[in-house]
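All remarks here apply to the structure that follows.
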Amino acid sequence: MFWKLILSQIRHSWKSSFLVLLAMTSLVSLYAYVLNTGTYAQRSMQLIMKNMGLNQRLVPESVDTIDSLLCSDKQKLFPEETTETLASHIELPSRYYLSVLQEQYDAGGRKLILTGIKPVERPDDSAEKGNPAKPVKKGTVRLGYESSKVLDVRDGSAVEICGNSFDVAKVDDETGDIDDWRVYMNLSDTQRILKKPGKINCVLSFECLFPGGDMKHIHEYQRTRLEKILPGFKQINLEKIAIARHQSRNMTDSYLYFVSILVTIVMLAVIVINGIQEVEDRKYETGILLAVGAGYCRIIALHCVKMLALALIAGVAGFLLGTYASLWTISPFLITNTRQFAVNWHYFCPTMLIISMTAIIGEIIPISGILRINPAIILTEH
């Protein structure tokens with residue numbers, strides 16, 4: 043009998059029920075669309091920022107920062123196993139480590155920077171993002187834009203460095219900074235040429251925003267843990283990259299937060315307005331039901347269950363429409379690397395929970411109208 047009454051109400055007021063269902067479906071679609079696209083937009087932003095380069099430099103405390111940045115002869119050597127030590131501590135926010143041995147090189151009166159590199163993986167590094175610094179094979183070099191001009195070579199050519207012949211694997215595009223004058227080599231090749239086996243003078247890494255909070259808190263979190271792991275070392279942060287990443291993430295999070303609030307408020311308004319109108323339209327029917335002993339709880343349950351059923355249907359339909367619409371419209375230009383742009387099904391249950399709670403909360407005001415109905419007055423009016 044209870045479900046027959048609900049179906050009867052929906053059948054007699056199918057136009058208004060359909061409009062409410064359509065409005066809620068549209069709002070859930072918008073919410074799901076923004077949620078799915080926002081997740082991948084944030085990930086794309088992270089990848090774009092990551093490709094700006096490694097933004098942390100680890101050197102001994104006794105080294106002046108400018109000596110490391112400009113590759114002077116005052117740099118200090120330390121064991122390359124230091125990078126392995128760092129990579130083994132996954133509690134550190136830093137990741138994507140790169141062992142570096144750099145030294146100035148005279149190429150016919152022009153200064154270049156021999157730069158031996160070796161990426162070192164952390165146990166929890168994901169294949170999706172990968173280290174932005176790519177390894178250089180033994181016996182090859184990768185040249186900066188200016189260094190290729192000084193050495194007068196191009197891709198596929200051979201070049202002689204310190205009496206050793208190397209194949210030019212690639213010439214990098216112009217960056218406009220000191221990297222244009224670098225000659226990137228495999229770390230072991232550089233150690234052999236410079237006669238510094240097993241030594242490096244710098245470790246580069248990428249700052250992850252894992253601890254959360256502001257940049258000051260993230261830096262402090264890293265510093266206190268680094269002091270215990272590697273006493274006698276200091277870390278130099280390239281703040282411009284770090285701040286840009288932090289601000290982009292906060293902007294995306296705030297955008298999703300406010301869109302979610304806006305959609306919820308509009309949905310509440312739709313449910314409340316529809317509920318008030320339905321209570322007003324059915325006050326005579328409600329009064330008769332109360333008079334024959336239906337009871338307020340039964341009448342209220344009729345309204346709540348009906349709205350909850352519409353909300354659940356709208357939730358399923360809206361989630362599917364919104365998420366698949368996001369696939370069709372923005373997947374061509376999002377940067378997702380190895381991770382395929384797809385539906386985030388783990389958002390389905392939270393979405394259904396939110397719309398269900400919204401439907402129940404939205405019925406509070408209409409329910410108060412039901413409680414004010416006096417069956418005696420309704421029967422007298424008839």
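Residue 43 is where the sequence shown starts when you use this note's numbering, and the numbers rise one by one after that. Note that the Cβ used here is the ideal one computed from N, Cα and C, for glycine as well.
Contact between residue 76 and residue 356 is ruled out by a C-beta separation of about 16 angstroms, above the 8 angstroms threshold. The C-alpha of residue 159 lies about 36 angstroms from the C-alpha of residue 384.
When DSSP states are grouped into helix, strand and coil, residue 156 belongs to the strand group. Counting of Cβ neighbours within 10 angstroms places residue 83 among the buried residues, the total reaching 16 or more. Following the DSSP letters along the chain, one finds residue 192 inside the alpha helix (DSSP H) bounded by residues 187-193. Take residue 183, set aside five residues on each side of it, and the residues of its chain with a beta-carbon closer than 8 angstroms to its own are 201, 203, 208, 209, 210, 211, 225, 226, 227, in chain order. The DSSP-derived three-state label of residue 217 is coil. Per the Cβ contact rule, the segment 350-367 is in contact with the segment 387-399 (3 or more Cβ pairs under 8 angstroms). Secondary-structure assignment with DSSP links residue 182 through a beta bridge to 209. Rounded to whole angstroms, residue 58 and residue 354 show a C-alpha spacing of 17 angstroms. Separation of residue 196 and residue 78 (C-alpha to C-alpha, rounded to the nearest whole angstrom) is 44 angstroms. For residue 276, no alpha helix (DSSP H) run applies; the uninterrupted beta strand (DSSP E) run containing it begins and ends at 275-279, by DSSP. In this structure residue 102 does not touch residue 240 by the C-beta definition: roughly 16 angstroms separates them, more than the 8 angstroms allowed. In the three-state reduction of the DSSP assignment, residue 256 falls in the coil class. In the structure shown, residue 239 adopts coil according to DSSP, grouped into three states. Contact check between the segment 90-109 and the segment 309-322: fewer than three CB pairs, one atom from each, fall below 8 angstroms, which does not count as touching. Counted as a single uninterrupted DSSP element, the stretch harbouring residue 148 is not any alpha helix (DSSP H) but the beta strand (DSSP E) occupying residues 136-149.
Remark: three or more beta-carbon pairs, one from each stretch, lie closer than 8 angstroms, so the segment 232-252 and the segment 133-145 are flagged as touching.
Leaving aside the five residues that flank residue 96 on each side, the residues in its chain whose CB is nearer than 7 angstroms to its CB run, in chain order, 138, 140, 174, 175, 246, 247, 248.
The Cβ-Cβ distance between residue 306 and residue 400 falls below 8 angstroms. Rounded to the nearest whole angstrom, the CA to CA distance from residue 134 to residue 372 is 34 angstroms. A distance below 6 angstroms between beta-carbons, with the five flanking residues on each side excluded, links residue 365 to the following residues of its chain, in chain order: 74, 78, 385.
For residue 175, the secondary structure class from DSSP, reduced to helix, strand or coil, is coil. A Cβ-Cβ separation of about 6 angstroms places residue 402 in contact with residue 346 under the 8 angstroms criterion. In the three-state scheme derived from DSSP, where H, G and I count as helix and E and B as strand, residue 94 is classed as coil.
Cα atoms of residue 258 and residue 72: separation of roughly 36 angstroms, rounded to the nearest angstrom.
In the three-state reduction of the DSSP assignment, residue 200 falls in the strand class, which pools E and B.
For residue 247, the enclosing beta strand (DSSP E) covers residues 244-249. The alpha-carbon of residue 231 is positioned some 14 angstroms away from that of residue 155. Under the three-state reduction of DSSP output, residue 105 falls in the coil class, being neither helix nor strand. Under the DSSP assignment, residue 384 falls outside any alpha helix (DSSP H); it carries neither an H nor an E label.
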